[in-house]
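Protein chains in written order, with the UniProt record's numbering: chain A, 1 to 112; chain Y, 1 to 580.
Each residue gets a CB set at the ideal place from its N, CA and C atoms; glycine is no exception.
Report on one structure; see the data block that follows.
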Amino acid sequence: MEPEPSPGFREPAAPEYLLHLYITGATVNSTRAVRNIKDICEQYLKGRYELLIIDIFQQPELAQQEDLIGVPTLIKLRPGLVRRLVGDLSDRDRVLKALGLASPPDDPAGHE
Amino acid sequence: MPENSSSASATLPQLPKAPTGIEGLDEITEGGLPLGRPTLICGSAGCGKTLMGIEFLVRGITEFNEPGVLMAFEETAEELAANVASLGFDLKDLQARKLLRVDHVHVDRSEIEETGEYDLEGLFIRLGYAIDAVGAKRVVLDTIESLFSGFPNESVLRSEIRRLFRWLKDKGVTTIITAERGDGTLTRQGLEEYVSDCVILLDNRVIDQITTRRLRVVKYRGSTHGTNEYPYLITGEGISVLPVTSLRLEHEVSNNIVSSGVPALDEMFGRRGFYEGSSVLVTGTAGTAKTTLAAAFAEKICEENKRCLFFAFEESPQQLIRNMASVGIDLRGHVNEGRLRIEASRPTLNGLEQHLVTLHRLVKEFKPDAVVIDPITNLITVGNISEVRSMLTRLIDFLKVSGITAYFTALINGGVGRAEMTEEGVSSLVDTWISVRDLEGVGERNRGLSILKSRGMAHSNQVREFIVTEHGIELLDVVLGPTGIVTGAGRLTQQLQEHAQALASQQETERRDRELERRRRMLEANIANLRTEFESVEEELRQISTHEQSRNEALQSGKQRITAANPPAFNAPLSGETGK
């Protein structure tokens, strides 16, 4: 549905990966999700990502705007199709697959 | 639970309730849905679950000043607004006035990847935010089970939904949750009905090609409620649950009398008519002038400057007016002047409930003093006996409560079914029951009318013959024959016979009079005879006595003369001597 932004259209500064993580304060799931996504990003996307962590306790209006139900939710806005990942991101294989990243031993690092 | 008991002890008399504003539902639930608690509305597709939820919100806003939140899992805000616009609910306007908030929750399995543990806090926050934004007192969650299709982890969902219900209770908002009906269970997930304090089941049933929607309150914690299945309708103004009116027999009664429109028929009632606000049933076989009687009643009502609503299930208004004009009942004038309204439709046009609602609507619009339904038996083509009966019960109740005189006609034919229907089904509901029937004699049929019952007043026990003339209905005087009442040609014969008899007896009397006169004259003649006889006898006797007297005198004078002839007798015996 989302028109895929062509890489040339982006500012050079714009990182390849744009991730939004919605959490609810300091709940167990939320803190675990923050830790997990940071791990993943550091491990696989070092320097190519922008991660925004949003606490919807602070900005409840975003919950409707972003159509959030389950929390924590990670929304991958770039690259490729928008994907929503619900949960504390502890299932690393699925997270990597959803982000278009290879699981550690495999070789194709994203299709792009 | 703890808050339950505390609130129950604080307000011991009654569980606080939130009126829905939905016609009839508040009567069944005795005041509305449990205030500040969740209520489940479940049913299969096309029952109007969403509509009931939206109406609850809209009426809450418009009638009870309670803002609401609608969380829709299946339809978008635009779709919902478009769907209910036909009922006159302007969701957009309410949203703009910050009285309503519609939040469409989009759940799509394909977009959601589960990557570990999570909860539904997002939903809570959205809902909480929406509630706070408009200060909502009412919340509708339209088909929360949609979540199950989006989130595969059922145990999380179940515990989260439980938590949601708890959370809504703590928030003190009155909530409606809708759910699709499951196979043999109230809901598909078998969850919502246990966490809700009130469960309303909607049902959509097709019997004999006619759909009836029914509603039942399955449970209501802490309150009594009507337990029956109640038919309901989705009308132009929203949902209408029947019985709209009394579940009890409580209504004001009037002591006023209304005329039946046939003077002679009025005479048959102890108080010259029907009680105002009572219900009258006229039963009869085909062609016994039931409609004419009904029209006469309607005309009379209108003549008294009252208003009458006439439901004709057999004839069109034009036809009815024309036909009644032929028997001297002028309905057209009353129709033109707006006192009479004729509503004609085929009974099969609508289901029974729709008829009832139409009737309710028209009665509310037109505010008649009397309602005529001609005939109620045609309704049986639409439903079975028990349904028609329950519909009529509610109808009669409704009219009674409104103080409207109801006049029904019912066709009975020889068949068992319908006779039963009227006799057992309806007669106990009506106050006055007039029976018209064919009195079939030798070679002809005549119409007879009798009053089977009339609550609260004396009535004639006679079967009266009546004829429909150019001037309306005329009841004929009762003619009693040797074997009861005689009618038609029999009546005429009887009258002739009586006439002849009267003539004969008159002649007999005259003859007797003459005989008496003759006798008297004869006696008088006899008396005169006797008197003359007596006179002659008397005459004779008198002569005899005169003779005797004169002889005695002569004798006496003779004796004197004899004595005088001795010494003193010289002149007197002389004459006597000479006589010898």
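Does DSSP classify histidine 355 of chain Y as helix, strand or coil? helix
Please identify the residue among Y:Glu440, Y:Lys171, Y:Arg521 whose C-alpha is closest to the C-alpha of glycine 490 of chain Y. Y:Glu440
Taking the alpha carbon of tyrosine 350 of chain Y as the point to measure from, which residue in Y:Arg511, Y:Leu233, Y:Asp132, Y:Thr29 has its own alpha carbon closest? In the sequence under discussion, the amino acid at residue 350 of chain Y is asparagine, which differs from the tyrosine named in the question. Asparagine 350 of chain Y has its Cα closest to that of Y:Leu233, out of Y:Arg511, Y:Leu233, Y:Asp132, Y:Thr29.
Simplified DSSP assignment, three categories, for lysine 219 of chain Y: strand
Residues of the stretch 63–97 of chain A whose Cβ lies closer than 7 Å to any Cβ of chain Y, in chain order: Ala63, Gln64, Asp67, Leu68, Ile69, Gly70, Val71, Pro72, Thr73, Arg83, Arg84, Leu85, Val86, Gly87, Asp88, Leu89, Ser90, Asp91, Arg94, Val95
Residue from Y:Pro152, Y:Ala264, Y:Ser254 whose Cα sits closest to the Cα of aspartate 477 of chain Y: Y:Ala264
What first and last residue would you give for the beta strand (DSSP E) that runs through phenylalanine 310 of chain Y? 308–312
Are the CB atoms of valine 134 of chain Y and arginine 162 of chain Y nearer to each other than 8 Å? no
Serine 159 of chain Y - DSSP class collapsed to helix/strand/coil: helix
Spatial distance of aspartate 39 of chain A from leucine 52 of chain A (CA atoms): 14 Å
At which residue ranges does the stretch 249–279 of chain Y contain complete alpha helix (DSSP H) runs of 4 or more residues, listed in the order of the chain? 263–268
Flag this pair as yes or no: are the beta carbons of leucine 356 of chain Y and arginine 389 of chain Y separated by less than 8 Å? no
Using a Cβ-Cβ cut-off of 8 Å, state whether glutamate 61 of chain A counts as contacting chain Y. yes
Run down chain A in chain order and give the residues with a C-beta less than 8 Å from the C-beta of glycine 116 of chain Y. Asn29, Arg32, Ala33, Asn36, Gly87, Asp88, Leu89, Ser90, Asp91
Stretch pair the stretch 99–113 of chain Y + the stretch 70–86 of chain A: three plus CB contacts closer than 8 Å: yes
Whole-angstrom distance between proline 368 of chain Y and glutamine 354 of chain Y, CA atom to CA atom: 20 Å
Along the stretch 115–139 of chain Y, where does the CB come closer than 8 Å to a CB of chain A? Name the residues. Thr115, Gly116, Glu117, Tyr118, Asp119, Leu120, Glu121, Gly122, Leu123, Ile125, Arg126, Gly128, Tyr129, Ala130
Quick check on the DSSP output: the alpha helix (DSSP H) that includes glycine 472 of chain Y runs from which residue to which? From DSSP, glycine 472 of chain Y is part of no alpha helix (DSSP H) but of the beta strand (DSSP E) over 472–475.
On the three-state DSSP scale, how would you describe glutamate 55 of chain Y? helix
First and last residue of the uninterrupted alpha helix (DSSP H) at threonine 175 of chain Y: Note, threonine 175 of chain Y: premise wrong, no alpha helix (DSSP H); beta strand (DSSP E) at 174–180.
Against chain Y, does isoleucine 54 of chain A count as a neighbour if the rule is that its beta carbon must be under 8 Å from one of theirs? no
Run through the DSSP bridge pairs and tell me what tryptophan 433 of chain Y is partnered with. Y:Leu281, Y:Lys453
How many Å lie between arginine 78 of chain A and glutamine 58 of chain A at the Cα? 25 Å
Cα separation between glycine 328 of chain Y and glutamate 470 of chain Y? 5 Å
In DSSP terms, what aspartate 170 of chain Y is bridged to: Per DSSP, none; premise fails for aspartate 170 of chain Y.
Bounding residues of the beta strand (DSSP E) (the contiguous stretch that carries phenylalanine 408 of chain Y): 405–411
Give me, in chain order, the residues of the same chain whose beta-carbon lies closer than 7 Å to that of alanine 458 of chain Y; leave out the 5 immediate sequence neighbours on both sides. Gly270
In terms of residues, what are the limits of the alpha helix (DSSP H) holding glycine 488 of chain Y? 488–565
Hey, how far is the Cα of serine 240 of chain Y from the Cα of asparagine 256 of chain Y? 33 Å
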